[in-house]
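Read through the structure below, which is laid out as structure tokens, and then see the notes.
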Amino acid sequence: MYERASDKLLSKGAFAARLLKHFCWVVGVLGLSVLVGATGLLYFEEITLENAMIHSAFLLGGFGIVQMPDSLSGKLFIGLFGLYANLFFLASVSFLCAPVVHRILHKFHLDEG
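As numbered in this note's numbering, residues 8 to 120 make up the sequence shown, in order.
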């Protein structure tokens, strides 16, 4: 996916395209995650679609839950989805930082040779 240490440094335009591609992947997975969270809340809790989307988006955004679920299955789903949301945050930050870190390390290796 990335260039090797022996390859030339990627141009600024190609690097910007790579950053945009990574950003689009994160936004796509975020949208899918909101849909999965809202679907789970609709299934386990008897709430409206709007509230399910808000709950899901708040959990993925790191704000926590808006209202505690009533059922045991809803509480278990919220707990597991909250764990997933934390993992998603770490993975998305890593995925967005990877091109920048790779470019910095690649530049260091070019300066040596």
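Every residue gets a Cβ at the ideal spot worked out from N, C-alpha and C, and that includes glycine.
Is the separation between the beta-carbon of residue i and that of residue j shorter than 8 Å?
i           : j           : result
residue 67  : residue 37  : yes
residue 49  : residue 114 : no
residue 103 : residue 33  : yes
residue 18  : residue 41  : no
residue 47  : residue 84  : yes
residue 61  : residue 73  : yes
Does the Cβ of residue i have 16 or more other Cβ atoms within 10 Å, making it buried, or fewer, making it exposed?
i          : result
residue 99 : buried
residue 59 : buried
residue 45 : buried
According to DSSP, is residue i part of a helix, a strand, or is it coil?
i           : result
residue 105 : helix
residue 11  : coil
residue 94  : helix
residue 72  : coil
Taking residue i as part of the alpha helix (DSSP H), name the residues at either end of that continuous run.
i          : result
residue 26 : 19-51
residue 61 : 56-68
Report, in whole angstroms, the separation of the C-beta atoms of residue i and residue j, which I expect to be a contact under 8 Å.
i          : j          : result
residue 52 : residue 76 : 5 Å
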